[in-house]
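**Student:** FYI, our numbering numbers position 206 of the sequence shown as 206, with every residue one higher than the one before it.
The beta-carbon is built from N, C-alpha and C at its ideal position, and this holds for glycine as well.
Quick one: this structure, given as structure tokens, is what I'll be asking you about.
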Amino acid sequence: MKYTKYILILLAVAFLFYFGYSKSYVSTSNIDLAKEIFNNYDALRKEQRDFNYIYTFIDNNINVLNNEQASIIVDDFLRTQEEKIEKLNERLLSKDYDILMRKTFPIYFDYSLIDTIPDKELKKLLKNICESGYKILNIDGTYIATIDYEKISKFGSRVNAELRDYIDIMKIESCHIIENYTDMTNLWDEIASRCVLTENYLSNYQKSTRHDRVENIYYAYLHIYLEGDEKNPIIDSYSNKVKPSVIKSYENTLNRYKNTKLKKIIERYLKLLKEQEYTFTKEIEFFIKKNTGGL
């Protein structure tokens, strides 16, 4: 695991900083207990204990740790989960698993139906995924595994602001997939809200190791907001013009998010749309591409 080599260095730095400058506020017994928690956590990682075991360990001990110490453990735990997700999905999308899953779960994944799947290997894989801190989602007819950030968010009050904000972004993204969004009345305002949420993260944590990942999410949200997608087009099929509900959302954005990059983009976009009589032209396409990282 690529983070294994320097995790202990990070832990040592955290102890040096916290205990070196806060001796008058921390008892020796608390210092010893925190060290023991770190040592036990590191041992569990080396033993490759299962998700639920380590999750329960963190949950039972996190309140003993200070903010920085808790952040190091939760960050490492989350990265471990993120490292595994690609291989899990490679397995999930191999063979005829996708066909079997769509037959078993026509619309949404239902854990209670796993035992009805005839393929023993797929059955075992799905149970392993769900019991390892992941959940399975239907994205445009394809079932994929994603981290259960809602479970990780339980630790949000104990970690630093950067990690907490990242977990919040990912929790919203994984719990309320835009492709599966059903509340069409508030869809566009919801996307605008997510644009601002990710924009704030990018502005506040420019040196974050997760900056690029959040930036990709930001551009994806912004692209949908400006152009729509196959499931949620912004162009009315009858008039061939941008839908009034979308224009209304753009106007809401101007009023709600006054000091944001999104507001400046939407101001220019509305002006351009008006010039193009609210129809999609090459000028509109160029504007979208320029402002969404080339998506």
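Please classify residue 131: is it buried, with 16 or more other beta-carbons within 10 angstroms of its beta-carbon, or exposed?
**Tutor:** By one-based count along the sequence shown, residue 131 stands at place 131. When all chains shown are included, residue 131 counts as exposed.
**Student:** Measuring CB atoms only, is the stretch 66-80 touching the stretch 146-159, in the sense that at least three cross pairs come out at less than 8 Å?
**Tutor:** Contact holds: three or more Cβ-Cβ distances are below 8 Å.
**Student:** Would residue 135 pass as a contact of residue 142 if the rule is Cβ separation under 8 Å?
**Tutor:** Taking the sequence shown and counting its residues from 1, the one referred to as residue 135 is at position 135. Taking the sequence shown and counting its residues from 1, the one referred to as residue 142 is at position 142. It is not a contact, given that the beta carbons lie outside the stated cut-off.
**Student:** Using the rule of at least 16 other Cβ atoms within 10 Å of the residue's Cβ for burial, across every protein chain shown, is residue 223 buried or exposed?
**Tutor:** For the purposes of this step, residue 223 is taken as the residue at position 223 of the sequence shown. Looking at its Cβ environment, which holds 16 or more other Cβ atoms inside 10 Å, residue 223 is buried.
**Student:** Flag this pair as yes or no: are the beta carbons of residue 197 and residue 169 separated by less than 8 Å?
**Tutor:** Along the sequence shown, read from residue 1 onward, the residue named residue 197 stands at position 197. Along the sequence shown, read from residue 1 onward, the residue named residue 169 stands at position 169. Yes, Cβ-Cβ distance for residue 197 and residue 169 is below 8 Å.
**Student:** Pull up the distance between the alpha-carbon of residue 57 and that of residue 194, whole angstroms please.
**Tutor:** For the purposes of this step, residue 57 is taken as residue 57 along the sequence shown, with counting starting at 1. For the purposes of this step, residue 194 is taken as residue 194 along the sequence shown, with counting starting at 1. Rounded to whole angstroms, residue 57 to residue 194 spans 32 Å at the Cα level.
**Student:** Return the chain-ordered list of same chain residues with a C-beta closer than 6 Å to the C-beta of residue 188, the five sequence neighbours on each side being excluded.
**Tutor:** Locating residue 188 in the sequence shown gives position 188, where the first residue counts as 1. Same-chain partners within the cutoff: 246, 249.
**Student:** Give the DSSP-derived three-state secondary structure of residue 242 in the structure shown.
**Tutor:** The count along the sequence shown starts at 1 and reaches residue 242 at position 242. Here residue 242 sits in strand by DSSP.
**Student:** Just how far apart, CA to CA, sit residue 262 and residue 50?
**Tutor:** Start at 1 with the first residue of the sequence shown, and residue 262 comes out as number 262. Start at 1 with the first residue of the sequence shown, and residue 50 comes out as number 50. For residue 262 and residue 50, the distance between alpha carbons rounds to 42 Å.
**Student:** What whole-angstrom Cβ distance do residue 242 and residue 273 have, given they're in contact under 8 Å?
**Tutor:** Within the sequence shown, residue 242 is the residue found at index 242, counting from 1. Within the sequence shown, residue 273 is the residue found at index 273, counting from 1. So it is a contact: roughly 6 Å between Cβ atoms.
**Student:** When DSSP builds the beta bridges, which residues end up paired with residue 137?
**Tutor:** The residue labelled residue 137 in the question sits at position 137 within the sequence shown. Note: residue 137 sits in a beta bridge opposite 144.
**Student:** Where DSSP assigns a beta bridge to residue 233, which residues make up the other side?
**Tutor:** The count along the sequence shown starts at 1 and reaches residue 233 at position 233. According to DSSP, which records beta bridges pairwise, residue 233 is partnered with 228.
**Student:** For residue 144 versus residue 89, is the C-beta spacing smaller than 8 Å?
**Tutor:** Taking the sequence shown and counting its residues from 1, the one referred to as residue 144 is at position 144. Taking the sequence shown and counting its residues from 1, the one referred to as residue 89 is at position 89. Yes, these two residues count as a Cβ contact at 8 Å.
**Student:** Sorted by chain position, which residues of the same chain lie with C-beta nearer than 7 Å to residue 91's C-beta, five sequence neighbours on each side aside?
**Tutor:** Numbered from 1 along the sequence shown, position 91 holds the residue referred to as residue 91. Same-chain partners within the cutoff: 125.
**Student:** DSSP state of residue 259, grouped into three classes?
**Tutor:** In the sequence shown, counting from the first residue as 1, residue 259 sits at position 259. Here residue 259 sits in coil by DSSP.
**Student:** At the level of alpha carbons, what is the spacing between residue 278 and residue 240?
**Tutor:** Here residue 278 is taken as the residue at index 278 of the sequence shown, counted from 1. Here residue 240 is taken as the residue at index 240 of the sequence shown, counted from 1. Distance between the alpha carbons of residue 278 and residue 240 is about 8 Å.
**Student:** Taking C-beta to C-beta, are residue 117 and residue 100 nearer than 8 Å?
**Tutor:** Along the sequence shown, one-based indexing puts residue 117 at 117. Along the sequence shown, one-based indexing puts residue 100 at 100. Against a cut-off of 8 Å, the Cβ pair of residue 100 and residue 117 comes out as a contact.
**Student:** Could you say which of 108, 154, 234, 111 lies nearest to residue 78 if we only look at CA atoms?
**Tutor:** Here residue 78 corresponds to residue number 78 of the sequence shown, with the count starting at 1. Among 108, 154, 234, 111, the Cα nearest to that of residue 78 is on 154.
**Student:** One question on the structure: do residue 225 and residue 172 come within less than 8 Å of each other, judged by their Cβ atoms?
**Tutor:** Here residue 225 refers to the residue found at position 225 when the sequence shown is read from its first residue. Here residue 172 refers to the residue found at position 172 when the sequence shown is read from its first residue. Against a cut-off of 8 Å, the Cβ pair of residue 172 and residue 225 comes out as no contact.
**Student:** Buried or exposed for residue 214, please, with buried defined as at least 16 other CB atoms from any protein chain shown within 10 angstroms of its CB.
**Tutor:** The count along the sequence shown starts at 1 and reaches residue 214 at position 214. Its Cβ being crowded by 16 or more others within 10 Å, residue 214 is buried.
**Student:** How big is the Cα-Cα spacing for residue 219 and residue 32?
**Tutor:** For this step, residue 219 is matched to residue 219 along the sequence shown. For this step, residue 32 is matched to residue 32 along the sequence shown. So the two alpha carbons sit approximately 45 Å from each other.
**Student:** Kindly indicate the opening and closing residues of the alpha helix (DSSP H) around residue 86.
**Tutor:** On the sequence shown, residue 86 is found 86 positions in, with the first residue counted as 1. Looking at the DSSP string, the run of the alpha helix (DSSP H) that includes residue 86 is 67-92.
**Student:** Would DSSP call residue 49 helix, strand or coil?
**Tutor:** By 1-based counting over the sequence shown, the position of residue 49 is 49. Residue 49: coil per DSSP, three-state reduction.
**Student:** Which value, in whole angstroms, describes the spacing of the CA atoms of residue 204 and residue 269?
**Tutor:** As a working note, residue 204 is residue 204 in the sequence shown. As a working note, residue 269 is residue 269 in the sequence shown. Approximately 25 Å between the Cα atoms of the pair.
**Student:** Determine the DSSP secondary structure at residue 107, reduced to helix, strand or coil.
**Tutor:** Within the sequence shown, numbered from 1, the residue matching residue 107 stands at position 107. DSSP places residue 107 in coil when its eight states are reduced to three.
**Student:** Is it buried or exposed for residue 286, if we count other Cβ within 10 angstroms and need 16 for buried?
**Tutor:** Counted from its first residue, the sequence shown places residue 286 at position 286. Per the 10 Å Cβ criterion, exposed.
**Student:** From the DSSP output, in three-state form, read off residue 194 for me.
**Tutor:** In the sequence shown, residue 194 corresponds to position 194, counting from 1. Of the three classes helix, strand and coil, the one that applies to residue 194 here is helix, per DSSP.
**Student:** Using a Cβ-Cβ cutoff of less than 8 Å, which residues in the same chain neighbour residue 44 once the five nearest sequence positions on both sides are dropped?
**Tutor:** Numbered from its first residue, the sequence shown carries residue 44 at position 44. 53, 54, 57, listed in sequence order.
**Student:** Do residue 254 and residue 267 come within 8 Å of each other at the CB atom, strictly closer than that value?
**Tutor:** As a working note, residue 267 is residue 267 in the sequence shown. As a working note, residue 254 is residue 254 in the sequence shown. Yes, these two residues count as a Cβ contact at 8 Å.
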